[in-house]
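S.K.:
The structure is reproduced here in structure tokens:
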């Protein structure tokens, strides 16, 4: 049976801040990336196809993430998948900036957005 928790004062404000941040994480990472698409192309010395593919994998990963984290949160609750997802997001973000290949960048970008946990 699920326990009902009542938040008051600072704990309530902190919870609202965390939930707002988690809800805006995926759109924020995409909206910050779009203006830099041309610079990404120059940085990797690649074609527009690969830079646009790095954006398209976001939508694919976002869809797969829904299928993964929904059942996991049903089985384990929301905290464990949330902690794992945020940890994977951080690791994949660090991997995105560590590689010089556009192919590995696209892979880690997919993995990073797959790890974004939805808060609902």
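In the working numbering, the protein residues as written are -3 to 116. Cβ coordinates follow ideal geometry from the N, Cα and C atoms, glycine included.
1) Exposed or buried, what is residue 77 when buried is set at 16 or more other beta-carbons lying within 10 Å of its beta-carbon?
2) Quick check: what's the CA-CA separation for residue 93 versus residue 101?
3) Can you tell me which of the three DSSP states residue 37 falls into?
4) If we call anything under 8 Å between Cβ atoms a contact, is residue 110 one with residue 52?
5) If you follow the alpha helix (DSSP H) that residue 88 is in, where does it begin and where does it stop?
6) Below 8 Å between beta carbons: does that hold for residue 43 and residue 36?
7) Three-state secondary structure (DSSP) at residue 61?
8) How should residue 116 be labelled, buried or exposed, when 16 other C-beta atoms within 10 angstroms of its C-beta is the threshold for buried?
9) Taking all protein chains shown into account, decide if residue 98 is buried (16 or more other Cβ within 10 angstroms of its Cβ) or exposed.
M.R.: Looking at the coordinates:
1) As a first step, residue 77 must be located in the chain shown, where it is residue number 81. When all chains shown are included, residue 77 counts as buried.
2) Start at 1 with the first residue of the chain shown, and residue 93 comes out as number 97. Start at 1 with the first residue of the chain shown, and residue 101 comes out as number 105. Roughly 8 Å between the two C-alpha positions.
3) What you label residue 37 is simply residue 41 of the chain shown in a count that begins at 1. Reduced to three states, the DSSP call for residue 37 is helix.
4) Looking up residue 110 in the chain shown gives position 114. Looking up residue 52 in the chain shown gives position 56. Cβ atoms of residue 110 and residue 52: not closer than 8 Å.
5) Locating residue 88 in the chain shown gives position 92, counting from the first residue. Note, residue 88: alpha helix (DSSP H), 75 to 94.
6) Position 47 of the chain shown, counted from the start, is the residue given in the question as residue 43. Position 40 of the chain shown, counted from the start, is the residue given in the question as residue 36. No, the pair does not count as a contact, with Cβ atoms beyond the cut-off.
7) In the chain shown, the residue the question calls residue 61 occupies position 65. Helix.
8) In the chain shown, the residue the question calls residue 116 occupies position 120. Note that residue 116 has pLDDT 46, beneath the 50 cutoff, so the model's placement of it is unreliable and the number below is only indicative. With fewer than 16 Cβ atoms within 10 Å of its Cβ, residue 116 is classed as exposed.
9) To locate residue 98, count along the chain shown from 1; it is residue 102. Residue 98 comes out buried.
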